[in-house]
Structure formats: structure tokens, C-alpha cells
Amino acid sequence: MTTETKSTGKYAQVNGLNLYYETHGEGRPLILLHGGLMSSETFGPVLPALAQRHQVIAPDLQGHGRTADIDRPIDVRLMADDIAALIDHLGLEKPDLVGYSLGGGVALHTAAKYPARIRRLVAASANIRPDAIYPEMRVQQGQVGAAAAEFMKDTPMYQLYQRVAPRPEDFPKLLDKIGASMAKDFDFA
């Protein structure tokens, strides 16, 4: 059974970013972080169930969804600072943090950098080091960039971006930034 949740979409000024977030329900705070080329809408199907017991906070990460990009790299470490600043902005006491893919990386970095501020962490499909990714996937990640924008026009990610982004014309720039981010060496372990 699916029920509607009351959503309050707002913006928080954090680290030079006009960060969009929605809140749903009441109770223990739970922050949901979406994957790359997605938005907080990703969690729409599970929000009603989660909002029955939690105050769910679902932000759109830098350059994603309703949060416009700014002049800095797409970097999970910087986005972790954004989430910590959002926690401060909202006055949350030790929220639980759930992240998927890119959001999982942001969640991992948030919990590592600010361990006293997070109660529980769930990271799904998050990269922790390059050798933990199939070599074929690393090759595909290296192909993400503005040149792929034309080929993505029929994808749900492109259509979402065109529907909700403050500057839909920035999609190729976002692809370039995500491609550059995925090309960096990292080792979270």
C-alpha cells in the first residue's frame, strides 16, 4: 500500500551552494543520499514507509536535481561537508545516513569525517577503492563526459535533469564533472 507524504521542499545555503532538500514525516532523522545523475525523487517509492517512523531528509546533491552546480569539482569529500552543514542548518542530532552509489560515497565520507555527528550509516553500491570495481566498469566510467549528453537524451536521468534542474542546459557540464570525479584515484579503505 502506498500513501502520500507531505513534502516540504526548501533550500539551505551551505558552503556556497543553494542545496535543495525535502523533509517528510516525523521522528528520528534519516538522511537519504541519491546516486549520480539522480535526485531525491529516487527515493519516492520508499518515502511513505520511511516517513511513518522517521523525519526523512532527502537533499539533491551538488549539480543534481534541484540543486544547481557551482564552480567547484564534483567531489564526495566536498559533498560530505555539504551534508554536515545541512545537519547543522537543520539542527539535527545524530541522524542516520543512507546513501546509494554516489550518495553512498558521500555518506561514507560524511561518517568518516564527522563520526560524532552520525548515528548509523548505510552505504549501498558505494565505491571504496579502484580495485573493488570491475575493470570493465572503470573503462565505462572513463567515458562519462559531455560528449555522451546527446546519447543520453532518451534516458530517465536526462529527462529528470531537464524537468527539475535550475539550469537544464548544464547537463553536459555535469557529465564532464562526474567523469572527472570518477577518473580520480581514490582509496577509502
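So the sequence shown is numbered by the working numbering: it starts at 58 and just counts up by one. The beta-carbon is built from N, C-alpha and C at its ideal position, and this holds for glycine as well. Everything numeric in this text was worked out from a predicted model, so none of it was measured.
With contact counted as at least three CB pairs below 8 Å, one residue from each stretch, are the segment 159-175 and the segment 135-146 in contact?
yes
The alpha helix (DSSP H) with Gln216 in it runs from where to where?
Run containing Gln216: 213-221, per the alpha helix (DSSP H) assignment.
Classify Tyr88 as helix, strand or coil using the three-state DSSP reduction.
Reading off the sequence shown, one finds Ile at residue 88, where the question assumed Tyr. Look at Ile88 here: in three-state DSSP terms it is strand.
Taking only three categories from DSSP, how would you classify Met239?
Three-state DSSP puts Met239 in a helix.
Roughly how many whole angstroms lie between the Cα atoms of Thr59 and Ser182?
Interpretation of Thr59 is limited by its pLDDT of 37, a score under 50 that renders its predicted location unreliable; the figure taken from the coordinates is listed afterwards. So the alpha carbons of these two residues sit roughly 26 Å apart.
Check each candidate in Ala189, Ile185, Gly161, Asn184 and name the one with the smallest Cα separation from Arg300.
Missing from the structure shown is residue 300; the chain here goes from 58 to 246 and no further.
Can you tell me which residues form a DSSP beta bridge with Ala181?
The partner list for Ala181 (beta bridge, DSSP) reads Tyr157.
Just checking my contact of Ile88 with Lys234 at CB under 8 Å: how many whole Å lie between their CB atoms?
With a Cβ gap of about 23 Å, Ile88 and Lys234 do not count as contacting.
Report all residues from its chain with a CB closer than 6 Å to the CB of Pro229; omit the five preceding and five following residues, and keep chain order.
Ala203, Ala206
Take Leu232 and list the residues in its own chain whose beta-carbon comes closer than 7 Å to its own, dropping the five residues that flank it on each side.
For Leu232, same chain residues with a beta-carbon under 7 Å away, outside a window of 5 residues either side, are Val201, Gly202, Ala203, Ala205, Ala206 in chain order.
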